[in-house]
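Student:
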Amino acid sequence: MPILSEISQLFWAIVGPWTYMSYSAYYLPPTVLGLIRSGDFATLLSLSRLRNAWFSAFWGWAGPQIRAGNWNRMLALLEGRVTGGSAVEDPVHPPVGGVVLEIGPASGLWVSLFSKGGEKPGASRSGLRRRVAEGVSKVYGVEPSTDVHPALRKRVQEAGLEGTYEIVPTGIESLSDPTAWNGKIEKGSVDCIVSILCLCSIPEPDKNIPELYSYLKKGGRWYLFEHVQASRSWPIRLYQRRQIPIQSVRDTISHTNDSPLQVSSTSFGLVP
Numbered sequence: 101m102p103i104l105s106e107i108s109q110l111f112w113a114i115v116g117p118w119t120y121m122s123y124s125a126y127y128l129p130p131t132v133l134g135l136i137r138s139g140d141f142a143t144l145l146s147l148s149r150l151r152n153a154w155f156s157a158f159w160g161w162a163g164p165q166i167r168a169g170n171w172n173r174m175l176a177l178l179e180g181r182v183t184g185g186s187a188v189e190d191p192v193h194p195p196v197g198g199v200v201l202e203i204g205p206a207s208g209l210w211v212s213l214f215s216k217g218g219e220k221p222g223a224s225r226s227g228l229r230r231r232v233a234e235g236v237s238k239v240y241g242v243e244p245s246t247d248v249h250p251a252l253r254k255r256v257q258e259a260g261l262e263g264t265y266e267i268v269p270t271g272i273e274s275l276s277d278p279t280a281w282n283g284k285i286e287k288g289s290v291d292c293i294v295s296i297l298c299l300c301s302i303p304e305p306d307k308n309i310p311e312l313y314s315y316l317k318k319g320g321r322w323y324l325f326e327h328v329q330a331s332r333s334w335p336i337r338l339y340q341r342r343q344i345p346i347q348s349v350r351d352t353i354s355h356t357n358d359s360p361l362q363v364s365s366t367s368f369g370l371v372p
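So the mapping is simple: the working numbering equals the position in the sequence shown, first residue as 1, plus 100.
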């Protein structure tokens, strides 16, 4: 019955974030113990480094769960087969291609989407998948959390993307600064931006989202799959606001920023 389905969805929408936070909290004690045993007191005494270590431990479990449940959706998104928030059989928009910025790749869950050999059995039989991969000439993976770089490099190697996929070990604010990393990305030089479940946790989104937009060429495309604020139900909106202070104590838990609204405010249109 539709009403029962809606009640079930509402229940998990309310309970889900608390479950997610409990899993995140579970990984803090073993992270701290591991750092103590290894004598890494510098990380223990640095809040930002401790957060990164915590995130790496938590994401080692959470990342594959998210990937398994959303692979076909992300494939459809990058193939241009998403409209009205749903995947469709035939492309309605151009696929990702050219020079790409992947924001927050973490351990590289989606890296193989850019690889000719990265197909998942049964994910797509349209032939578009290969054209997507062939259309990508360069990928910059913007990931400031160095703790996940070993796993990310491994995924890049497994996908056969060495020489195509470059890890950028800095934040959005330093992409064009050659003193911050061993490279420079010129503004207005990027064909596509890909952000998957990451904009909700970047610092200063009102500043950094427009900064990201400035790297797109004229006519460039932004492919995003993000957490959003509820827009229809005021009880759920209130519930989200009450959760934000609790979630903000840990960067592995995403803030409920309205990422699409912030992206659309950068003066380009959202394609449904």
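Beta carbons are placed, not taken as given, at the ideal position from N, Cα and C, and that holds for glycine.
Who does ARG321 pair with in a DSSP beta bridge?
Tutor: Indexing the sequence shown from 1 puts residue 321 at position 221. DSSP lists CYS292 as partners of ARG321.
Student: In chain order, what are the residue ranges of uninterrupted beta strand (DSSP E) at least 3 long that sit wholly in the segment 163-219?
Tutor: Segments of the beta strand (DSSP E) lying fully in the segment 163-219: 198-203.
Student: State whether the segment 259-275 contacts the segment 158-175, with contact taken as three or more CB pairs (one from each stretch) at a distance under 8 Å.
Tutor: Contact between the segment 259-275 and the segment 158-175 is absent, because fewer than three Cβ pairs lie under 8 Å.
Student: How would you write the range of the alpha helix (DSSP H) that GLY260 sits in, first residue to last?
Tutor: Taking the first residue of the sequence shown as 1, we reach residue 260 at position 160. First-last for GLY260: undefined, no H or E at that position.
Student: I need the boundaries of the beta strand (DSSP E) containing GLY134, first residue and last residue.
Tutor: Walking along the sequence shown from the start, residue 134 turns up at place 34. Premise fails: GLY134 lies in the alpha helix (DSSP H), 128-138, not in any beta strand (DSSP E).
Student: Where does the unbroken beta strand (DSSP E) through TYR313 begin, and where does it stop?
Tutor: Sequence index remark: in the sequence shown, residue 313 carries index 213 (1-based). Here TYR313 belongs to no beta strand (DSSP E); instead the alpha helix (DSSP H) covers 305-313.
Student: So, at 6 Å on beta carbons, what are the nonlocal neighbours of VAL349 in its own chain, with the 5 sequence-adjacent residues on each side left out?
Tutor: For the purposes of this step, residue 349 is taken as residue 249 along the sequence shown, with counting starting at 1. In this prediction, VAL349 scores a pLDDT of 40, lower than 50, which makes its location untrustworthy; the coordinate-derived value is nonetheless stated afterwards. If we look at VAL349 and ignore the five residues flanking it on each side, it has no Cβ neighbours.
Student: Please report the Cβ distance between GLY204 and GLU243, rounded to the nearest whole angstrom; I am assuming they are in contact, meaning their Cβ atoms lie under 8 Å.
Tutor: In the sequence shown, residue 204 corresponds to position 104, counting from 1. In the sequence shown, residue 243 corresponds to position 143, counting from 1. About 6 Å separates the two Cβ atoms, so the contact holds.
Student: If you follow the alpha helix (DSSP H) that ALA142 is part of, which residue opens it and which one closes it?
Tutor: What you label residue 142 is simply residue 42 of the sequence shown in a count that begins at 1. Its alpha helix (DSSP H) spans residues 141-144.
Student: Provide the residue(s) that pair with VAL115 in DSSP beta bridges, ordered along the chain.
Tutor: Translated into positions along the sequence shown, residue 115 becomes position 15. For VAL115, which the question treats as bridged, DSSP gives no partner whatsoever.
Student: Would you kindly work out how many angstroms separate the C-alpha atoms of TRP118 and SER156, rounded to a whole number?
Tutor: Translated into positions along the sequence shown, residue 118 becomes position 18. Translated into positions along the sequence shown, residue 156 becomes position 56. Taking the straight line from one Cα to the other gives about 20 Å.
Student: Between GLY271, VAL196, PHE325, which has its C-alpha nearest VAL290's C-alpha?
Tutor: The residue given as residue 290 occupies position 190 in the sequence shown. Among GLY271, VAL196, PHE325, the Cα nearest to that of VAL290 is on VAL196.
Student: Quick one: grab the DSSP three-state call for LEU316.
Tutor: Residue numbering aside, residue 316 sits at position 216 when the sequence shown is read from its first letter. Three-state DSSP puts LEU316 in a strand.
Student: Does DSSP classify GLY283 as helix, strand or coil?
Tutor: Here residue 283 is taken as the residue at index 183 of the sequence shown, counted from 1. It is coil, neither helix nor strand.
Student: To the nearest angstrom, report how far apart SER245 and SER105 are at their CA atoms.
Tutor: What you label residue 245 is simply residue 145 of the sequence shown in a count that begins at 1. What you label residue 105 is simply residue 5 of the sequence shown in a count that begins at 1. Approximately 39 Å, taken between the alpha carbons.
Student: Please look up how many angstroms separate the CB atoms of ILE267 and TYR315, rounded, as I've assumed it's under 8 Å.
Tutor: For this step, residue 267 is matched to residue 167 along the sequence shown. For this step, residue 315 is matched to residue 215 along the sequence shown. 17 Å between Cβ atoms; not a contact.
Student: Okay, do the segment 148-163 and the segment 122-133 touch, 3+ Cβ pairs below 8 Å being the bar?
Tutor: These segments touch.
Student: Could you pull the DSSP bridge partners for GLU266 from this structure?
Tutor: On the sequence shown, residue 266 is found 166 positions in, with the first residue counted as 1. GLU266 pairs with TYR240.
Student: Going by alpha carbons, who is nearest to LEU177 out of SER122, PHE214, GLY139?
Tutor: Against the sequence shown, residue 177 aligns to sequence position 77. The candidate whose alpha carbon is nearest that of LEU177 is PHE214.
Student: Tell me whether the beta-carbon of LEU209 lies closer than 8 Å to the beta-carbon of ILE272.
Tutor: Residue numbering aside, residue 209 sits at position 109 when the sequence shown is read from its first letter. Residue numbering aside, residue 272 sits at position 172 when the sequence shown is read from its first letter. Their beta carbons are not under 8 Å apart, which means LEU209 does not touch ILE272 by this criterion.
Student: How would you label PRO345, buried or exposed, when you count the other beta carbons within 10 angstroms and need 16 or more for buried?
Tutor: In the sequence shown, counting from the first residue as 1, residue 345 sits at position 245. Per-residue confidence for PRO345 stands at a pLDDT of 44, beneath the threshold of 50, marking its modelled position as unreliable; no derived number is given.
Student: Determine the direct distance from the alpha carbon of VAL211 to that of GLU202, and round the result to whole angstroms.
Tutor: Along the sequence shown, read from residue 1 onward, the residue named residue 202 stands at position 102. Along the sequence shown, read from residue 1 onward, the residue named residue 211 stands at position 111. Going from the Cα of GLU202 to the Cα of VAL211 covers about 9 Å.
Student: Between SER276 and LYS287, which are expected to be in contact by the criterion C-beta below 8 Å, what is the C-beta distance as a whole number of angstroms?
Tutor: Residue numbering aside, residue 276 sits at position 176 when the sequence shown is read from its first letter. Residue numbering aside, residue 287 sits at position 187 when the sequence shown is read from its first letter. The pair is a contact, with the Cβ atoms about 6 Å apart (cut-off 8 Å).
Student: Short check: CB of VAL236 to CB of VAL200, under 8 Å?
Tutor: For the purposes of this step, residue 236 is taken as residue 136 along the sequence shown, with counting starting at 1. For the purposes of this step, residue 200 is taken as residue 100 along the sequence shown, with counting starting at 1. In this structure, VAL200 lies closer than 8 Å to VAL236 by Cβ.
Student: Using the rule of at least 16 other Cβ atoms within 10 Å of the residue's Cβ for burial, across every protein chain shown, is PHE111 buried or exposed?
Tutor: For the purposes of this step, residue 111 is identified with residue 11 of the sequence shown, where counting begins at 1. The residue is exposed, with fewer than 16 neighbouring Cβ atoms inside 10 Å.
Student: Let me make sure I understand the geometry here. Which of GLY241, ALA251, LEU147 has the alpha-carbon closest to that of TRP161?
Tutor: If you number the sequence shown from 1, residue 161 lands on position 61. Closest option to TRP161, Cα to Cα, is ALA251.
Student: Identify whether PRO345 lies in helix, strand or coil by the three-state DSSP scheme.
Tutor: Translated into positions along the sequence shown, residue 345 becomes position 245. With a pLDDT of 44 at PRO345, under the threshold of 50, the modelled position of that residue is not reliable, and no figure is offered here.
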